[in-house]
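Order-wise, the sequence lines are chains A and B. The numbers in the numbering used here rise by one with no breaks, and the one at position 108 of the first sequence is 108. For the numbering used here, count along the second sequence from 1 and bump the result up by 167.
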Amino acid sequence: MTADNEEDLALSRRAAAGDSAAFAMLVEKHERPLRAFLRRMAGTDADDVAQEAFIKAWRAAAQYDGRARYSTWLTRIAWRCRLDQLRGTKPVEAETAAPVDAPTDEVHDMLSRLSEPERAALVLCDGHGWTHVEAAELLGVPLGTLKSTVARAKAKCRVMWEGQGDG
Amino acid sequence: MAEAFESFLSEVLAPPTRDPDRAFVAKVQARMALEQGMEAQRRALFGKFFRDLLGIAAVAAGLIVMGGSPELLAFASESPGAVLAIVAILFSFLLLVIGRGGPRSAGAGADPALFNHLARLRS
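Right, here's the structure in full:
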């Protein structure tokens with residue numbers, strides 16, 4: 001177990017024992033990448049999904065055992081919240097996925113043309129440094145499927161990127 | 168070209184570098200406090216429900232036992248009006264006991280501010 005995992009495990013155990021300040025430290029530490037990922041997936045609803053995910057993580061704090069990175073465990077919860085959100089509402093238009101910062105409008109356009117799993121796989125593996133194994137676990141697909149999903153997403157983006165360069 | 172695309176992609180998809188968003192952390196903490204309050208309220212309501220249920224069951228059991236008594240049956244056949252009055256009084260008393268513990272006094276956790284706060288958070 002890495003030192004980072006140990007620290008997160010200790011905080012999570014304190015949170016499970018009722019220490020809300022310890023959980024606030026976990027939120028402070030992990031909100032940035034989680035919300036960035038969710039903005040790519042859920043657009044303007046990202047913060048609602050992130051809040052929901054943190055509340056679920058707080059309720060389930062005793063279940064975190066430190067084997068996986070805390071961010072992986074947390075993102076898995078957030079992904080389930082996102083799927084619940086998609087099931088509960090009419091399919092979210094891809095256009096609602098908001099850009100994270102200014103020069104990314106073209107990225108926004110690119111990502112909006114990918115399917116939900118393609119977008120998630122690409123953002124996590126190419127943007128957030130997740131391993132293919134971690135992303136496959138999150139999406140609940142075999143490793144080979146995940147690799148081909150990432151490759152397909154990347155190929156689609158590349159075609160669009162090159163098209164923009166030409167135009 | 169491929170390298171340029173790869174670096175473009177990883178650059179734009181990476182999480183932004185910034186300080187922790189304390190406002191967001193505060194929102195999550197507020198939601199946690201709210202959840203705790205609602206959980207306490209739920210527990211209080213369930214407790215009250217089971218106490219009421221127990222009370223009703225005890226009264227019903229008492230009535231059944233009393234209904235089996237030959238003296239009471241004789242009294243009921245002699246003066247049915249009095250029995251009806253007693254049953255009505257008992258029923259009113261029961262309603263009073265249950266009504267006293269209604270939603271307004273259910274509790275401990277029944278806090279309108281909690282719900283206003285929830286509405287603000289969700290908006």
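Even glycine gets a Cβ: it sits at the ideal position worked out from N, Cα and C.
Residue 80 of chain A - containing alpha helix (DSSP H), residue span: Your numbering for residue 80 of chain A matches position 80 in the first sequence. Where residue 80 of chain A is concerned, the enclosing alpha helix (DSSP H) stretches over 70-88.
Rounded distance between the beta-carbons of residue 187 of chain B and residue 33 of chain A, thought under 8 Å: Reading the first sequence from its first residue, position 33 is the one you call residue 33 of chain A. Reading the second sequence from its first residue, position 20 is the one you call residue 187 of chain B. Not really, about 11 Å apart at Cβ, beyond 8 Å.
Proximal residues to residue 139 of chain A (C-beta, below 7 Å), its chain only, five neighbours per side dropped: What you label residue 139 of chain A is simply residue 139 of the first sequence in a count that begins at 1. So the list reads 117, 120, 121 and 146, once near-sequence residues are dropped.
Delimiting residues of the alpha helix (DSSP H) encompassing residue 48 of chain A: Numbered from its first residue, the first sequence carries residue 48 of chain A at position 48. That run of the alpha helix (DSSP H) goes 46-59.
Cα-Cα separation between residue 237 of chain B and residue 265 of chain B, rounded to whole angstroms: Stepping through the second sequence from its first residue, residue 237 of chain B is reached at position 70. Stepping through the second sequence from its first residue, residue 265 of chain B is reached at position 98. When only Cα atoms are considered, residue 237 of chain B and residue 265 of chain B end up about 31 Å apart.
Residues that residue 199 of chain B contacts on chain A, provided the C-beta gap is smaller than 8 Å: On the second sequence, position 32 is the one that residue 199 of chain B refers to. Within 8 Å of the CB of residue 199 of chain B, the CB atoms of chain A belong to 20, 23, 55 and 58, in sequence order along the chain.
Neighbour flag for residue 246 of chain A against chain B, beta carbons, 8 Å: The displayed coordinates of chain A run from 1 to 167. Any statement about residue 246 of chain A would go beyond what the structure contains.
Cβ-based burial, residue 162 of chain A [other Cβ within 10 Å; buried from 16]: Locating residue 162 of chain A in the first sequence gives position 162, counting from the first residue. Its Cβ having fewer than 16 others within 10 Å, residue 162 of chain A is exposed.
Beta carbon of residue 85 of chain A nearer than 8 Å to that of residue 141 of chain A: As a working mapping, residue 85 of chain A is identified with position 85 in the first sequence. As a working mapping, residue 141 of chain A is identified with position 141 in the first sequence. Not a contact, by the Cβ cut-off of 8 Å.
Amino acids of chain B, ordered along the chain, whose beta-carbon sits closer than 9 Å to that of residue 126 of chain A: As a working note, residue 126 of chain A is residue 126 in the first sequence. Under the 9 Å cutoff, chain B gives 173, 176, 177, 180 and 181.
Terminal residues of the alpha helix (DSSP H) in which residue 30 of chain A lies: The residue labelled residue 30 of chain A in the question sits at position 30 within the first sequence. Its alpha helix (DSSP H) spans residues 20-42.
Sequence-distant residues of its chain with Cβ nearer than 6 Å to residue 57 of chain A (five each side left out): Counted from its first residue, the first sequence places residue 57 of chain A at position 57. Hits under 6 Å: 74 and 77.
Residue 200 of chain B burial status per 10 Å Cβ neighbour count (16 or more: buried): Your numbering for residue 200 of chain B matches position 33 in the second sequence. Exposed: under 16 other Cβ atoms inside 10 Å.
Three-state class that DSSP yields for residue 108 of chain A in the structure shown: Taking the first residue of the first sequence as 1, we reach residue 108 of chain A at position 108. DSSP places residue 108 of chain A within a helical segment (H, G or I) once states are collapsed to three.
Any C-beta of chain B under 8 Å from that of residue 51 of chain A: Locating residue 51 of chain A in the first sequence gives position 51, counting from the first residue. By this cut-off, residue 51 of chain A is an interface position.
Stretch pair the segment 143-159 of chain A + the segment 56-70 of chain A: three plus CB contacts closer than 8 Å: Taking 8 Å as the limit for Cβ pairs, the verdict is that the segment 56-70 of chain A does not touch the segment 143-159 of chain A.
Residue 224 of chain B - containing alpha helix (DSSP H), residue span: Numbered from 1 along the second sequence, position 57 holds the residue referred to as residue 224 of chain B. Segment 189-234, the alpha helix (DSSP H) holding residue 224 of chain B.
Residue 209 of chain B burial status per 10 Å Cβ neighbour count (16 or more: buried): Position 42 of the second sequence, counted from the start, is the residue given in the question as residue 209 of chain B. So residue 209 of chain B counts as exposed.
Rounded C-alpha distance that separates residue 175 of chain B from residue 40 of chain A: Here residue 175 of chain B refers to the residue found at position 8 of the second sequence. Here residue 40 of chain A refers to the residue found at position 40 of the first sequence. Between the alpha carbons of residue 175 of chain B and residue 40 of chain A lies a distance of about 16 Å.
For residue 185 of chain B, three-class secondary structure by DSSP: The sequence position of residue 185 of chain B within the second sequence is 18, counting from 1. In this structure, residue 185 of chain B counts as coil in the three-state DSSP scheme.
Under 9 Å from the C-beta of residue 195 of chain B: neighbouring residues of chain A: Translated into the one-based positions of the second sequence, residue 195 of chain B becomes position 28. The answer, in chain order, is 23, 24, 27, 31, 50, 51, 54, 55 and 58.
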